[in-house]
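**Q**
Chains as they are written, first to last, in the working numbering: chain Z, 586 to 1180; chain C, 586 to 1180.
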């Protein structure tokens, strides 16, 4: 039995870190750098590192933890809400390349089992760079982005379910009816047990631990590891692969089972350990198994599989996307966006190689296919979305919509009126009178303490897109924003900061709450509240003639006129968004301010 | 090459978790349960699990991460401040059992190398239950507690240095002068490089990353793993054991290198991964290597080594402790408290076994020695400290002393006056006038924003024992306490909470700041500040005749008299502590309140 091999682990981790950081700089996901550096330092090129027990075991443990983490990040409630369009894209983008991949392999002499593996591998979708590329291309608020995200999630789940069915037959080989029934029975038992465990037993464990005031994060971490390893082993016992059990375990470790804060903390630890330590070892060593000879010996098959991956994914998406009524051009954009392959594909290909179902050549081709398709995503997606943009067919969409505003003072209500034109607006205030006043003006208002989870639940805060803290008290604004950030995910948090209000109000804290400043600068809102209260203000709308940063616009106007408070920016379609720091006002957008 | 062995990993982790949880309930450290359950489920008894590559590699990785974590927890500044008494106890408690252990082994026919290993193993000190047992025995504030903590840290460091010197000779075998010089040169080079890296290069990396606004926790985690593995491998290359490199890496990952919050976060991740996952695998599998036959075949040696461990540690401590002038009885208490062995001993014994320096019998004896000595600590320490208590020789001591009070209002100054009788008191206020007023009354006061790190540094907040937030603003109190808790370690945090002050003020947040309520109940302090300001109050001192909880005392008085604010509790030696929730007032202690 070999001992712990620090040297190779160090070299592999260092290479993964360096390559991941470099590739992320040019906008690609770390996994691409990890695969490439694995090919480079591995036996096929430089031969700097050879695989060892340590690398194998750490990377296999990493895959288990990674799949659990991927499961944790999938929210079935979100999947349920996923649009019809996302479902169509996912199915079309899976089924067509899956079928094509299967036929390519079987028609070129591969086994049908190898065909199924390659089919899954070309069918899988990975959001090439998660939201990063969508941010870079300014797509985050478009319908395409939501279709892509829903599509990738559904596709992952679909691929894993099919892989589940498939993997259970791997070890059996000969397949007759009674064996199929036995296997199917075992699988059904597994999922029945896992579901019962996840929906009934796990929440009870959570409640029991909460009732005993166990708050030690390490205890929860160990417990969740046990659940992940336990379900993983159980999956192996019924003939499924361990990664499926880990994935299912991750899916059930969700909101409501433990304290929200504990769940969030532990998810981050799983992220750190898998993405920051063990999974990169897997992806680099996956590169070790790649042989460059395929470019000579199997170039045709390589081109064929890559071609099938491209054509199947993109055309399949376009085709199945037609019934959505969103047009084939948007389908094309979605198809190009879903063309990347990543972690799940490499994991499945690795299992195929390990079990001897696919050859090293096919494995190498699948790795290059992942690299090439992922490389294509930013290029093709830029083309297709620019095309849509030019034709005016880039449709905006918000899955989380609406604004939650803390503080129902007159200024907040004025802002709320603007925002409510296109979106849900919900107020929270601890003052009963202010809340009633807001209700009289037709708003929803929850009367309660923002720092209590019950208030957040009553206001369904977590379904909102924006959290705005607009009280006169810096500390409340900061604390509320931090509290919301600690236990929920809300994409945008804007808070009012008053200048020189003594203690509190440190801008440093903004980053820990990942919030930015409403109105784009420190403002004492008390006088503004008074002005609005007394109707002693004038609302002005100006059209911007040249793109400008929100901060610069305020600075420019401050230099001329000190008494101006920008409320919202109106985009060209008429939609209003709060005026805040670190935003940019495009040409022809309007600013509405009061003075 | 074996693949990843989930089943055995699951069984071992589950056993570790269960046994650790059980043994912690009766006040012992988890490692004791892990060793015992390892003996039980391992080959020597039930034979449920056998060792596998997965277990070996995960446990060796765990030892590396554990040693890095132990290094992170050692603060050389604290070591520098460690008392003369602690140093004496550590040296005496190490040298005497070390020598005795060495002679027992060599005189019974063991090699001198085995003698040195056993010497280190019996010499090591582990604080059996860290602070847990000290809390249970009510010793946390005594001089003994500080001597014990300093002693254990020094002893760990001492043991590792001697082990460093020793381990470099293991692989060489024959020892002549030129070889010794070569080895010594390599070791010096290693430590010179590690020190230069830790003191000069690492802080620069930290600054560079801060300057590039890299705040991604996972990036830092991977970086620290690379540093730990890198120094660990470097140590191996110069002939030292990898655990030394990991330990040294941990020591240098300290305050000031990275953002305090990042360092704290990453330290917790190392804690979760080592203590919550990998290290327990090591300790359980250590139990696998134990043979119960030693009770038959080597009972004499077993008794001899356990006897030497007890007698050497306790008598050595008593003897060397005499020059401290704290008396031999206190030395005896310190000796019994330092009698436990734990992680470091098992790690060193494991290395000895792995390298073939000690036999499986000696290894088993060392494991039993760890179990027995650790079991003895609570019993013996209870006896010896009760004896001291009865003789009135249990001396109190605070290493972190003093109170930092946020808010320099008249009520705060009144509380400060009481606390300043025996301790340093420092005020922080953002209001210049209040701060000057405090200075006029002879207090130190830092004028600044509590939420900025510069203010905390100016006030040297981290050297204080107690943080008291006494402003009229709930949110400032909470936010400040949370901020202090996020970036520093301050043992006690007490904050004022006003009732029904609208938003904010949720008791829920107290736990996330690990603070408790000053005055033991929600109080609106504004009227009290006014009363003190106008000298319109009366100070009353009452002696308590029966032990009572602070909350109950307040409830009892509230039912009779609503206008009373308890300030401090005076213990029998005349020392005053702030009146707060979740404290108990002993018989003959006094309460000073105002009305």
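Note that beta-carbon positions come from the ideal geometry of N, C-alpha and C, so glycine has one too.
Can you tell me which of the three DSSP states residue 1006 of chain C falls into?
**A** In this structure, residue 1006 of chain C counts as coil in the three-state DSSP scheme.
**Q** Specify the secondary structure class of residue 1142 of chain Z as computed by DSSP and reduced to three states.
**A** Of the three classes helix, strand and coil, the one that applies to residue 1142 of chain Z here is helix, per DSSP.
**Q** Quick check: is the beta carbon of residue 856 of chain Z nearer than 8 Å to any beta carbon in chain C?
**A** Judged by the 8 Å Cβ criterion, residue 856 of chain Z is in contact with chain C.
**Q** Could you name the residues that DSSP lists as bridge partners for residue 1178 of chain Z?
**A** In the DSSP output, where bridge partners are listed per residue, residue 1178 of chain Z has Z:1125 and Z:1151.
**Q** Buried or exposed: where does residue 1141 of chain C fall if 16 or more other Cβ atoms within 10 Å of its Cβ makes it buried?
**A** Per the 10 Å Cβ criterion, exposed.
**Q** Are residue 927 of chain Z and residue 608 of chain Z closer than 8 Å when you measure CB to CB?
**A** No, the Cβ-Cβ distance between residue 927 of chain Z and residue 608 of chain Z is not below 8 Å.
**Q** Would you list, in chain order, the members of the stretch 813–844 of chain C that have their beta-carbon closer than 7 Å to a beta-carbon of chain Z?
**A** Answer set for the stretch 813–844 of chain C: 814, 815, 817, 818, 821 and 827.
**Q** For a test of the three-state rule: what should DSSP assign to residue 1163 of chain C, helix, strand or coil?
**A** In this structure, residue 1163 of chain C counts as strand in the three-state DSSP scheme.
**Q** Against chain Z, which members of the stretch 1044–1062 of chain C pass a CB distance test of less than 8 Å?
**A** Result list: 1056, 1058, 1060 and 1061.
**Q** So, does the stretch 727–743 of chain Z touch the stretch 973–980 of chain Z, judging by three or more C-beta pairs under 8 Å?
**A** Yes, since at least three Cβ pairs between the stretch 727–743 of chain Z and the stretch 973–980 of chain Z fall closer than 8 Å, the two stretches touch.
**Q** Give the interface partners of residue 1143 of chain C over in chain Z, defined as CB-CB distance under 7 Å, in chain order.
**A** By Cβ distance, chain Z contributes nothing, its closest Cβ being about 24 Å from residue 1143 of chain C, past 7 Å.
**Q** Give me the residue from Z:1100, Z:1165, Z:784 and Z:890 with the minimum Cα distance to residue 957 of chain Z.
**A** Nearest option by C-alpha distance: Z:890.
**Q** If we define contact as Cβ-Cβ less than 8 Å, is residue 638 of chain Z a contact residue for chain C?
**A** Closer than 8 Å to some Cβ of chain C, the Cβ of residue 638 of chain Z qualifies, so yes.
**Q** Can you give the Cα-Cα distance for residue 633 of chain C and residue 596 of chain C, rounded to whole angstroms?
**A** Taking the straight line joining both Cα atoms gives about 9 Å.
**Q** In angstroms with no decimal places, state the Cα-to-Cα distance between residue 1012 of chain Z and residue 1059 of chain C.
**A** Their Cα atoms are separated by approximately 22 Å.
**Q** I believe residue 652 of chain Z touches residue 828 of chain Z by the beta-carbon criterion, under 8 Å. Please report the beta-carbon distance rounded to the nearest angstrom.
**A** Correct: roughly 4 Å between the Cβ atoms.
**Q** If contact means a Cβ-Cβ distance below 9 Å, which residues of the stretch 620–648 of chain C contact chain Z?
**A** Those residues of the stretch 620–648 of chain C that come within reach of chain Z (Cβ to Cβ, closer than 9 Å) are 636, 637, 638, 639, 641, 642, 643, 644, 645, 646 and 648.
**Q** Between Z:764, Z:623, Z:772 and Z:763, which has its C-alpha nearest residue 750 of chain Z's C-alpha?
**A** Among Z:764, Z:623, Z:772 and Z:763, the Cα nearest to that of residue 750 of chain Z is on Z:772.
**Q** Going by C-alpha distance, which of Z:631, Z:835 and Z:854 is nearest residue 784 of chain Z?
**A** Of the candidates Z:631, Z:835 and Z:854, the one whose C-alpha sits nearest the C-alpha of residue 784 of chain Z is Z:835.
**Q** Interface residues of chain Z around residue 860 of chain C at Cβ under 8 Å?
**A** Those are 803, listed as they occur along chain Z.
**Q** Between the Cα of residue 1165 of chain Z and the Cα atoms of Z:1159, Z:1158, Z:1157 and Z:1176, which residue gives the shortest distance?
**A** Checked all of Z:1159, Z:1158, Z:1157 and Z:1176; the closest Cα to residue 1165 of chain Z is Z:1176.
**Q** Is the shortest distance between the beta-carbon of residue 612 of chain Z and the beta-carbons of chain C less than 8 Å?
**A** No - not a single Cβ of chain C is within 8 Å of the one on residue 612 of chain Z.
**Q** Can residue 1002 of chain C and residue 987 of chain C be called in contact, C-beta distance under 8 Å?
**A** Contact: no.
**Q** Closer than 7 Å between beta carbons: that is the criterion. Which residues of the stretch 591–608 of chain C meet it against chain Z?
**A** Answer in chain order: 591, 592, 594, 595, 598, 599 and 602.
**Q** In the DSSP output, what is residue 637 of chain Z paired with across the bridge?
**A** In the DSSP output, where bridge partners are listed per residue, residue 637 of chain Z has none listed.
**Q** What residues match up with residue 1043 of chain C in a beta bridge as DSSP calls it?
**A** Its beta-bridge partners do not exist; DSSP assigns none.
**Q** Under a CB-based cut-off of 8 Å, is residue 1110 of chain Z close to chain C?
**A** So no, residue 1110 of chain Z is outside the interface.
**Q** Should residue 1064 of chain C be flagged as near chain Z, meaning a C-beta pair shorter than 8 Å?
**A** Yes, residue 1064 of chain C lies at the interface with chain Z (some Cβ there is under 8 Å from its Cβ).
**Q** By DSSP's criteria, residue 973 of chain Z is part of a beta bridge. Which residues make up the other side?
**A** Answer is none; residue 973 of chain Z lacks a bridge partner.
**Q** Quick one: Cα of residue 830 of chain Z to Cα of residue 681 of chain C, how far?
**A** Approximately 53 Å, taken between the alpha carbons.
**Q** Starting from the beta carbon of residue 588 of chain Z, find every residue of chain C whose beta carbon is closer than 9 Å, and list them in chain order.
**A** Result: 641, 642, 645 and 939.
**Q** Taking only beta-carbon atoms, is residue 748 of chain C less than 8 Å away from chain Z?
**A** Not an interface residue.
**Q** Between which two residues does the alpha helix (DSSP H) harbouring residue 845 of chain Z extend?
**A** Here the alpha helix (DSSP H) through residue 845 of chain Z covers 845–858.
**Q** Restricting to Cα atoms, I'd like to know which of Z:918, Z:641, Z:619 and Z:620 is closest to residue 589 of chain Z.
**A** The candidate whose alpha carbon is nearest that of residue 589 of chain Z is Z:641.
**Q** Could you name the residues of the same chain whose beta carbon sits closer than 6 Å to that of residue 704 of chain C, not counting the 5 residues immediately before and after it, in chain order?
**A** Only 683, 686 and 687 meet the Cβ criterion.
**Q** Going by DSSP in three states, residue 703 of chain Z sits in which element: helix, strand or coil?
**A** In this structure, residue 703 of chain Z counts as helix in the three-state DSSP scheme.
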